[in-house]
Amino acid sequence: MNIFLNGKKKNIKKKILKAVLKKLEINTIGQVVSVNDKAVPWKNYGQVSLKNNDRVEIKKFWGGG
C-alpha cells in the first residue's frame, strides 16, 4: 500500500498509524501528525487505520515571541 509522507510516496505494509511511525523510526514528540489534513491526537495513533494514497503530514511547531 502507498501513502504520501510529507509529500513523498512511501510503500508500507503496516496499516495502523502508530505502527507505521514506529517502523519508519519517526519521533513525533513536539510534532503534529495529520492524516488527510486532519490532526490526529497522539493518544489515537493506535486507532487510525491508513488507506491507500492517504496523505500523512508531520509538522514541527516552533514557539516564538
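Everything in the sequence shown is counted per my numbering, starting at 853 for the first residue and increasing by one.
Note that beta-carbon positions come from the ideal geometry of N, C-alpha and C, so glycine has one too.
Legend entry - Cα-Cα separation, L857 to S901: Straight-line Cα distance between these residues: approximately 15 Å.
Inset, instruction - In the DSSP assignment, find the unbroken beta strand (DSSP E) run with K911 in it and report its ends. - result: Here the beta strand (DSSP E) through K911 covers D906 to K912.
Inset, instruction - Put L876 into one of helix, strand or coil per three-state DSSP. - result: Note: L876 maps to coil in three-state DSSP.
Legend entry - Endpoints, the beta strand (DSSP E) within which L857 is located: N854 to L857 is the span of the beta strand (DSSP E), which, as asked, contains L857.
Inset, instruction - Count the other CB atoms, across all protein chains shown, that sit within 10 Å of the CB of L869; report buried if there are 16 or more and exposed otherwise. - result: Flag for L869 reads buried.
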